[in-house]
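Participant: First the structure, which I've put down as structure tokens, then a few questions once you've had a look.
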Amino acid sequence: MTKQIAVDYASDKIHCNALCPGFTKTSMTRENFTNTEVNAEMISTTPWGEWGNVSDVAKGAVFLASDDAAWVTGIGLPVDGGYLAQ
11 MTKQIAVDYA SDKIHCNALC PGFTKTSMTR ENFTNTEVNA EMISTTPWGE WGNVSDVAKG
71 AVFLASDDAA WVTGIGLPVD GGYLAQ
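Numbering (my numbering), first residue to last: 11 to 96.
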């Protein structure tokens with residue numbers, strides 16, 4: 011969907027990108043990262059070897075909204091410690 015929207019609106023210079031966060035420490039995921047067994051499993055599946063922070067995901071969003079991404083459209087930006095790279 012992201013790619014199709016990007017193509018449809020590119021001639022109007024409208025960007026469409028997706029932010030794809032991995033395992034991120036939030037109040038919503040607290041139960042997972044405070045559970046020793048679940049935490050170990052999640053960490054073992056992420057090449058970076060740790061949970062991301064909200065600020066990590068926010069930096070991806072700031073990049074996509076910045077002039078540095080002026081020619082970026084139609085992508086899903088993984089902010090996931092390498093999880094999707096496997």
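Positions of the beta carbon are idealized from the N, C-alpha and C atoms, including for glycine.
1) Three or more C-beta pairs closer than 8 Å, one from the segment 76-84 and one from the segment 51-59: is that the case here?
2) Could you tell me how far apart the beta carbons of D90 and G62 are, in whole angstroms, since I believe they sit closer than 8 Å?
3) To which residues does DSSP link A28 through a beta bridge?
4) The alpha helix (DSSP H) that contains G70, what's its start and end?
5) Quick one: residues in its chain with C-beta nearer than 8 Å to the C-beta of K35, no 5 flanking neighbours on either side, listed in chain order?
Facilitator: According to the structure data:
1) no
2) 7 Å
3) G86
4) 64-75
5) F43, W61, G62, N63, V64
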